[in-house]
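Written out below as structure tokens is the structure these notes cover.
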Amino acid sequence: MNRRNFLKSTSCAAMGSTTLLSTLANLTALNGALGKTNSLPPTDYKALVCVLFSGGIDSFNTLIPMGTNASGDNGFNEYQALRSDLSILNPLALNSLQCTGFRGEACAYGSFGIHPQMTGLRDLFNTGKMAFISNIGTLIEPVLNKQQHDSGLKKLPLGLYSHSDQIMQWQTSVPQSREATGFGGRMADLLNAANNNPEVSMNISLGGKNAFQRGLDVSEYAISNNVEPSNVGFQSVPAWWGNAGYTNDIRNTAINSMVDQNYFNLLQKTYATSTKSAVAAFEIFKEALKKVPALNTTFPNTKLATDLLAIAKIISIRGQLGAKRQIFFVNYGGWDMHDNLLGGLNERLPVVSQALKAFYDVTTELGVANQVTTFTISDFARTITSNGQGSDHAWGGNQMVIGGAVNGQRIFGNYPKMSLTSPKNVSFRGNYIPAVATDEFFAELALWYGISPSDLCYVLPNIGNFYSYAANQYPLGLMNFNGTTISTENHPKGCLVY
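Quick note: our numbering has the sequence shown finishing at residue 599, numbered continuously throughout.
Here it is as structure tokens:
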């Protein structure tokens, strides 16, 4: 098996061994109880659900230009000319209210379509429950064009186009460091005490160990999607917990550097010091799972859908868990499509669309659609031009945000012009500098979630390069803040500097 096929078969980001709810070692954030913060507990409930498309999704075949712009350029014609054998012939029209543009630049096109296998997400978009963020990626500071990119005067992310670097940087939003904690982890550092049962971390992973949920005080509580009370129990430590077993585990992980030895040693210490809390967490979780209600929403029989159904069940017992804030993580990999791109997208995008639509529907059934926001991330986008069979690693791409609190039916950011002469393009293959930084996207999520403006520099160390808070002025305008009180808490952690 060659490396490329191996990456596909292992979903590119296993982040460690298969997670089992009944295995103590895989509940890696039982030290969530140890998080220390002076935050005042919020009185409402909110959850964020991060869906990682590991491998680098070709997102210019998920969001496709269709209309003619003010200059008379036909977006679909330009898209087809540039993508050639990779182009989608019959995208589904999106009833977009607006493509916002960004940083003083207008969107290159005014109307868009979605991949024809994404009917469920088309419906969510057209009913105002979903939005796209266009041409978003990892940045340390704004890079406006190829001239700035090539000047040597701008700080660029480490290891651009590298799976192991970019998949981590999307999770940490600190592109200048390979040692950073995760965006979700840093938020949990500040807010974990909001939950009444601190033995159970607010960060719950269906995707195993990951960088996104790793904080200084709080890490992920990793479970399987078989969230039944009978599946919860205390078992002895698995063989891979030792260093030799860990080495074998990593050897079988697609991208070695995504799990770091120092982190694992920290987990060993965590296990040694928090077994008592672990047992308490088991009991809390086991008892709470007995209260999961019968759900009427139908979910497809796919791994992604089953993961999201498990999250829905955990949300349904938020009261029993004493949870005011929760962050969930899911990985659905296999997107490194250097070949068979069209066939691969036809196979995987229906899984995404059906699962995300079902998950939104179940949040409606549970009465929390306005309190749960789901968003996608990926290593990077793909080149616009074909390599003859597929596309290769690029930079800025398109991501989705779903929920009742999303200002939906809009495309935020700046969809680039489908041209190799675009000032955003930095290669002969069609590789676009991001218009929107991950920091700007995450800052808006953080403010909605309950992070105070004064704490943004802890949660997002580079945010000062992109955004300074002012009342009713948000980085993108993505979230509906009606009824949301911006936190005024000022935590003692201070700003992070990398």
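Note that beta-carbon positions come from the ideal geometry of N, C-alpha and C, so glycine has one too.
Out of curiosity, what's the CA-to-CA distance linking residue i and residue j?
i: G514; j: N397; result: 36 Å
i: Q421; j: K392; result: 8 Å
i: G423; j: N293; result: 11 Å
i: E300; j: L561; result: 26 Å
i: E590; j: L245; result: 34 Å
i: S479; j: S235; result: 13 Å
i: K518; j: R223; result: 23 Å
i: G445; j: T403; result: 16 Å
i: Y372; j: L225; result: Note that Y372 scores a pLDDT of 45, beneath 50, so its modelled location is shaky and nothing firm can be said.
i: D318; j: K414; result: 26 Å
i: S553; j: W436; result: 35 Å
i: C596; j: Y559; result: 4 Å
i: A506; j: H264; result: 32 Å
i: L450; j: L261; result: 26 Å
i: Y347; j: G308; result: Low per-residue confidence applies at Y347: pLDDT is 40, beneath 50, and the placement is therefore not dependable, though the value from the model is reported in the following sentence. When rounded, the distance between both Cα atoms is 17 Å.
Tell me, to the nearest whole angstrom, how far the beta carbon of residue i is from that of residue j; I am working on the premise that it is less than 8 Å.
i: G491; j: D440; result: 5 Å
i: P243; j: N566; result: 7 Å
i: I189; j: N304; result: About 36 Å; that fails the 8 Å criterion.
i: S274; j: T539; result: 5 Å
i: R287; j: G316; result: 5 Å
i: N532; j: T484; result: 6 Å
i: I512; j: F213; result: 6 Å
Taking the alpha helix (DSSP H) that residue i belongs to, which residues open and close that run?
i: V560; result: 557–560
i: V527; result: It is not in any alpha helix (DSSP H) - V527 carries neither H nor E in the DSSP assignment.
i: G214; result: That residue, G214, is in no alpha helix (DSSP H); its beta strand (DSSP E) goes 213–215.
i: M288; result: 284–292
i: G489; result: From DSSP, G489 is part of no alpha helix (DSSP H); its letter is neither H nor E.
i: N227; result: 220–227
Under DSSP, the beta strand (DSSP E) around residue i begins and ends at which residues?
i: F203; result: Run containing F203: none; DSSP gives neither H nor E here.
i: F313; result: Premise fails: F313 is in no beta strand (DSSP E) and is neither H nor E.
i: I268; result: Run containing I268: none in the beta strand (DSSP E); it sits in the alpha helix (DSSP H), 264–273.
i: G238; result: 231–238
i: A583; result: Residue identity check: residue 583 is Asn in the sequence provided, not Ala. That residue, N583, is in no beta strand (DSSP E); it is neither H nor E in DSSP.
i: R426; result: 426–432
Return helix, strand or coil for residue i, following the three-state DSSP convention.
i: L457; result: helix
i: Q574; result: strand
i: K404; result: helix
i: M167; result: coil
i: R483; result: strand
i: I351; result: The predicted model places I351 with a pLDDT of 41, which falls under 50 and marks its position as unreliable; any figure quoted below should be read in that light. Three-state DSSP puts I351 in a helix.
i: Y533; result: strand
i: M501; result: strand
i: A381; result: helix
i: S569; result: coil
i: Y322; result: strand
i: F154; result: strand
i: G509; result: coil
i: V301; result: coil
i: H250; result: helix
i: G595; result: coil
i: G334; result: For G334, the predicted structure reports a pLDDT of 47, less than 50, and the residue's modelled location is therefore unreliable. A value from the coordinates is still provided. Residue state, collapsed to three classes: coil.
i: S185; result: helix
i: G514; result: strand
So is residue i buried or exposed if we call it buried at 16+ other beta carbons inside 10 Å?
i: T282; result: buried
i: G598; result: Before going further, note that residue 598 is Val rather than Gly in the sequence given. Exposed, since its Cβ has fewer than 16 Cβ neighbours within 10 Å.
i: Q248; result: exposed
i: M116; result: Reliability of the predicted coordinates at M116 is poor, the pLDDT of 38 falling under 50, and no value is obtained from them.
i: S155; result: buried
i: A382; result: buried
i: N331; result: The sequence given here has Ser at residue 331, not Asn. Burial call: exposed.
i: S302; result: buried
i: R426; result: buried
i: C151; result: buried
i: L198; result: exposed
i: F529; result: exposed
i: N311; result: buried
i: E321; result: buried
i: A482; result: buried
i: S185; result: exposed
i: N353; result: Reliability fails at N353, whose pLDDT of 36 lies under 50, so the model's placement of it is uncertain and the value that follows must be treated cautiously. Classification of N353: exposed, given that the 10 Å Cβ count is below 16.
i: Q218; result: buried
Does the ligand SAM have a heavy atom nearer than 8 Å to the CB of residue i?
i: R449; result: Inclusion of the ligand SAM in the displayed structure is not the case, the ligand content being empty and no account of it being possible.
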